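Protein chains: 2
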Amino acid sequence: MFSEISKIPVFKGFKTSEIIQLLNTTRYQIREYEPESVIAHTGDNCNNLYLLISGSIRGEMNNYNDKSIVVSEIHAPDTFAEAFLFANKNKLLINIIATTHTKILIIYKNDLLQLLNKNIKILNNYLNITSNRFVIVTEKVKFLMIKTVKGKLANYILDLEKENKDKLSFSLGKTHEELAALFGITRPAFTRNLVKMKNEGLVEIKNKEIKILNREKLLKLLS
Amino acid sequence: MFSEISKIPVFKGFKTSEIIQLLNTTRYQIREYEPESVIAHTGDNCNNLYLLISGSIRGEMNNYNDKSIVVSEIHAPDTFAEAFLFANKNKLLINIIATTHTKILIIYKNDLLQLLNKNIKILNNYLNITSNRFVIVTEKVKFLMIKTVKGKLANYILDLEKENKDKLSFSLGKTHEELAALFGITRPAFTRNLVKMKNEGLVEIKNKEIKILNREKLLKLLS
């Protein structure tokens, strides 16, 4: 089990023996869940860090009209609930459900705080993970604020160009699925708009690389 | 100056004398900025925590079409840049500009890490601040994903009802300005839609308290 735990990003840079030593001085629980069982409910106070040792979980948001939508999927080895664990408003906004047979190590918030305080390497890893989550959700806000799909796409492509300064063409960096999720649209809508842009001569797509052909027209899509 | 610093949330629960002692063992800089001067540029690597001792700053996002929009305003005593400081992708997405005469205490990332490691009270405060920022931006994503203004409003009001379980009427909790920002719309558009809801008999608004009159119709706005 400890060799699986050592792959969880919060233990990056640790030897298995060091992890065993650390966990020996910390209170924790190991729990297992059957597929489709609920790990935590909407409205529960979230006072634990969950380390996913094996299996997959998903977060589902229940709308008031009894439809639920999957808002996140996490696969072992990874952690969840870490980014808002120490918030004043730490009630879960989603149901957390085991998608497969799942094994989880649970550390209570106060014990985690002690652990972070005791070990600067874990602290650094933890801050890195929560900061990365923050960057992802902030990027999502940025793209959700842009009203049109073409505007989102134009902005994303111009950002890519900036990051790849000296290159004429560059990879999209994410799958169509991931970009659709980032933009808050469906995958077919994403692909349809990208193809339209290509057909209208704004960009060229070859071997999964994109090249800007008409920057003027791209810029016009932003306003 | 230290009595001003003691009001910054990261030092919550500290006596001024304790803060002086802490800062004596940490490297930091104090910088002052004139109104409208740029504190940090888009694309800069962000390697510092900024503690705003006095004055106000704003974050401006530069669009490719030379328009810039203000995405955040922060007033002393507060910190900024804390939530993504330890991310892999820690390039600033905005220009940070002093709105007034501004005094800032700057701690370099690695020195901050030492400080957080050394003092569990600061660590707890820091995790609380970054977690709260995460909750705010996640809520924003939630409301941006809802397409119509009425849908956003209905969802917000039903959330309020859930939080105020045994009450028949409850405060909106935020100003119209703040709610417009949360929803990603203009303030007039927000107020117009709220008034429409009231006129259509879905809710009643009295003495800044809101009461649900027709839950059925509210639920219909969600789908």
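Chains as they are written, first to last, in my numbering: chain A, 70 to 292; chain B, 70 to 292.
Yeah, the Cβ is synthetic: ideal placement off N, Cα and C, and Gly gets one too.
Every value quoted in this text rests on a predicted model; they were computed, and no experiment measured them.
* Below 8 Å on the Cβ atoms is my guess for VAL204 (chain A) versus ALA258 (chain A); work out the distance and round it to an integer in Å. => 25 Å between Cβ atoms; not a contact.
* To do: Quick one: measure Cβ to Cβ for ASP147 (chain B) and PRO78 (chain B), integer angstroms, because I've assumed they're closer than 8 Å.
  => 7 Å
* Between the Cα of ASN157 (chain B) and those of A:GLY220, A:ILE198, A:LYS267 and A:TYR102, spot the shortest distance and give me the residue it belongs to. => A:ILE198
* Asked: With which residues is VAL272 (chain B) paired in a DSSP beta bridge?
  -> B:ILE281
* Candidates B:PHE80, B:GLU208, B:ARG256 and B:SER200, of which the one nearest LEU120 (chain B) by Cα -> B:PHE80
* Given a threshold of 16 other Cβ atoms within 10 Å of its Cβ, counted over all protein chains shown, does GLY112 (chain B) qualify as buried or as exposed? -> exposed
* For HIS245 (chain B), the first and last residue of its enclosing alpha helix (DSSP H) -> 245-252
* Asked: Which runs of the alpha helix (DSSP H) fall wholly inside the stretch 157-237 of chain B and span at least 4 residues, in chain order?
  -> 178-187, 189-214 and 218-232
* Taking Cβ-Cβ distances shorter than 7 Å, what residues in chain B pair up with ILE189 (chain A)? -> LEU182 and ASN186
* Classification of MET266 (chain B) by the beta-carbon crowding that lies within 10 angstroms, buried from 16 upward -> buried
* Which listed residue (A:THR168, A:ASP180, A:LEU248 and A:ILE163) has its alpha carbon closest to that of THR207 (chain B) -> A:ILE163
* Asked: So which of B:ASN188, B:LEU154 and B:LEU161 has the shortest CA-CA distance to LYS178 (chain B)?
  -> B:LEU154
* Asked: Looking at C-alpha atoms only, which residue of A:LEU185, A:PHE252, A:THR244 and A:ILE189 is the closest neighbour of ILE215 (chain A)?
  -> A:PHE252
* Where the stretch 115-136 of chain A meets chain B: residues whose CB sits under 9 Å from a CB there -> MET130, ASN132, TYR133, ASN134 and LYS136
* Between the Cα of LYS277 (chain A) and those of A:LEU290, A:LEU291, A:GLU246 and A:GLY242, spot the shortest distance and give me the residue it belongs to. => A:GLY242
* **Short-range partners of chain B found in the stretch 134-167 of chain A, where Cβ spacing is below 7 Å** => ASN134, ALA152, PHE153, LEU154, PHE155, ALA156, ASN157 and LYS158
* Between the Cα of ILE143 (chain A) and those of A:GLY128, A:TYR97, A:VAL264 and A:ASN132, spot the shortest distance and give me the residue it belongs to. => A:GLY128
* Asked: Interface residues of chain A around MET266 (chain B) at Cβ under 8 Å?
  -> Under the 8 Å cutoff, chain A gives no residues; its nearest Cβ is about 16 Å from MET266 (chain B).
* Asked: How many whole angstroms separate the CB atoms of VAL210 (chain B) and LYS275 (chain A), which I take to be in contact at a CB cut-off of 8 Å?
  -> That pair is no contact at about 34 Å.
* Any chance the stretch 182-189 of chain A sits against the stretch 176-193 of chain B, with 3 or more Cβ pairs inside 8 Å? -> yes
* To do: Tell me, to the nearest whole angstrom, how far the beta carbon of ILE173 (chain A) is from that of ILE122 (chain A); I am working on the premise that it is less than 8 Å.
  => 6 Å
* Asked: Whose C-alpha, out of A:ARG261, A:LEU237, A:ILE74 and A:ARG96, is nearest the C-alpha of LEU222 (chain A)?
  -> A:ARG261
* To do: Note down the Cα distance separating LEU229 (chain B) from GLY270 (chain B), rounded to an integer number of angstroms.
  => 18 Å
* To do: Examine chain B for any beta-carbon lying closer than 9 Å to the beta-carbon of LEU271 (chain A), and answer yes or no.
  => no
* Burial state of PHE71 (chain B) (16 or more Cβ within 10 Å) -> exposed
* Beta-carbon gap between SER125 (chain B) and THR171 (chain B) smaller than 9 Å -> yes
* Over the uninterrupted alpha helix (DSSP H) stretch that includes PHE71 (chain B), give me the two end residues. => 71-74
* Which chain A residues sit within Cβ distance under 7 Å of SER200 (chain B)? -> ALA152, PHE153, LEU154, PHE155 and ALA156
* **Residues of its chain near ILE88 (chain B), where Cβ-Cβ distance is below 8 Å and the 5 sequence neighbours each way are ignored** => PHE71, ILE74, SER75 and PHE80
* How about GLY18 (chain B): is its C-beta nearer than 9 Å to some C-beta of chain A? -> Coverage of chain B is limited to positions 70 through 292, which leaves residue 18 (chain B) absent and any answer about it impossible.
* Could you check which residue in A:VAL272, A:ILE254 and A:THR255 has the C-alpha nearest to that of SER238 (chain A)? => A:VAL272
* Asked: THR255 (chain A) CB to nearest chain B CB: under 9 Å?
  -> no
* Asked: Is the CB of THR207 (chain B) under 9 Å away from at least one CB in chain A?
  -> yes
* To do: Starting from the C-beta of SER240 (chain B), find all residues in its chain whose C-beta is less than 7 Å away, skip the five residues before and the five after it, and write them out in chain order.
  => LYS277 and GLU278
* Asked: Which first and last residues belong to the beta strand (DSSP E) in which LEU91 (chain A) is found?
  -> Per DSSP, LEU91 (chain A) belongs to no beta strand (DSSP E); it is in the alpha helix (DSSP H), 85-93.
* Between the stretch 220-234 of chain A and chain B, which residues of the former have a C-beta closer than 7 Å to a C-beta of the latter? -> LEU227
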